[in-house]
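Student: Can you keep this structure in mind? I'll have questions shortly.
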Amino acid sequence: MGIQYRKAKITLGFLEEKPEVYKLRQLTFPQVTFAQLVLECSNSCGVNTAQTKAVIDALINRLVHYMEIGHGVRMGDFGSFKPIFTSKAAKTLEECDEKTIRQKKINFYPGKAFREMLSELSVTSASEELDVKE
-9 MGIQYRKAKI TLGFLEEKPE VYKLRQLTFP QVTFAQLVLE CSNSCGVNTA QTKAVIDALI
51 NRLVHYMEIG HGVRMGDFGS FKPIFTSKAA KTLEECDEKT IRQKKINFYP GKAFREMLSE
111 LSVTSASEEL DVKE
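Quick look at the structure:
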């Protein structure tokens, strides 16, 4: 099925003349919960849910551990996680320290499995109805 969208009429309020334009809006669906994912993984590989949850929890624990000490983590065809930060520029060398860090985050770089999925992912119209956003 892929990603579904609707056409939306929106007003660009940040422009002085406030023009109306049209844009595609992605339909959102409820997220799959961790419990649902554990159950499906458990059923697909024939291991009980407690063991499956224990393995996933241990994997997350190790991901966090290695990223806390600055390592990126590569997970095969799934992809890689890398802790990064952004910082503000300082006028002097003395001003350039931890206080200039603006944001810390984790970048995800999709692996082969996700890149293939994205290249084959369909995007289709949910209907021809128009969502009007004022």
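Counted from 1, the sequence shown has number 93 at position 103 by my numbering; the numbering is strictly sequential.
Even for Gly, the Cβ is constructed at its ideal location relative to N, Cα and C.
1) List the DSSP bridge partners of residue 114.
2) Tell me, to the nearest whole angstrom, how far the beta carbon of residue 103 is from that of residue 68; I am working on the premise that it is less than 8 Å.
3) May I have the straight-line CA-CA distance separating residue 62 from residue 6, to the nearest angstrom?
4) According to the Cβ coordinates, are residue 75 and residue 91 closer than 7 Å?
5) Alpha carbon to alpha carbon, how far is residue 125 from residue 1?
6) Run through the segment -2 to 76 for me and flag every whole beta strand (DSSP E) of 3 or more residues, listed as ranges in chain order.
7) Take residue 27 as the anchor and find which of 17, 78 and 45 has the nearest alpha-carbon.
8) Looking only at DSSP bridge pairs, what is residue 98 linked to?
9) Under a three-way DSSP split, which group does residue 108 fall into?
10) Compute the Euclidean distance between the alpha carbons of residue -5 and residue 99, then round it to the nearest angstrom.
11) Taking 7 Å as the threshold (C-beta atoms), are residue 23 and residue 32 in contact?
12) Could you name the residues of the same chain whose beta carbon sits closer than 7 Å to that of residue 64, not counting the 5 residues immediately before and after it, in chain order?
13) Looking at residue 116: is its Cβ nearer than 7 Å to the Cβ of residue 17?
14) Taking the straight line between their C-alpha atoms, what separation do you get for residue 111 and residue 34?
Tutor: Per the coordinate set shown:
1) -6.
2) Sure, about 6 Å apart at Cβ, within 8 Å.
3) Put simply, the backbone Cα of residue 62 is about 45 Å away from that of residue 6.
4) Against a cut-off of 7 Å, the Cβ pair of residue 91 and residue 75 comes out as a contact.
5) Residue 125 lies beyond the range of the chain shown here (-9 to 124); nothing can be said about it.
6) As far as the segment -2 to 76 is concerned, its whole beta strand (DSSP E) runs of at least 3 residues are 10 to 16.
7) Selected option, being the one with the closest Cα: 45.
8) DSSP lists 71 as partners of residue 98.
9) Correct three-state label for residue 108: helix.
10) Answer to the nearest angstrom: the Cα atoms are 25 Å apart.
11) Contact flag unset, no.
12) The beta carbon of residue 64 sits closer than 7 Å to the beta carbons of 70 from its chain, once the five residues preceding and following it are set aside; these are given in chain order.
13) Closer than 7 Å, so yes.
14) Taking C-alpha positions only, residue 111 is separated from residue 34 by approximately 23 Å.
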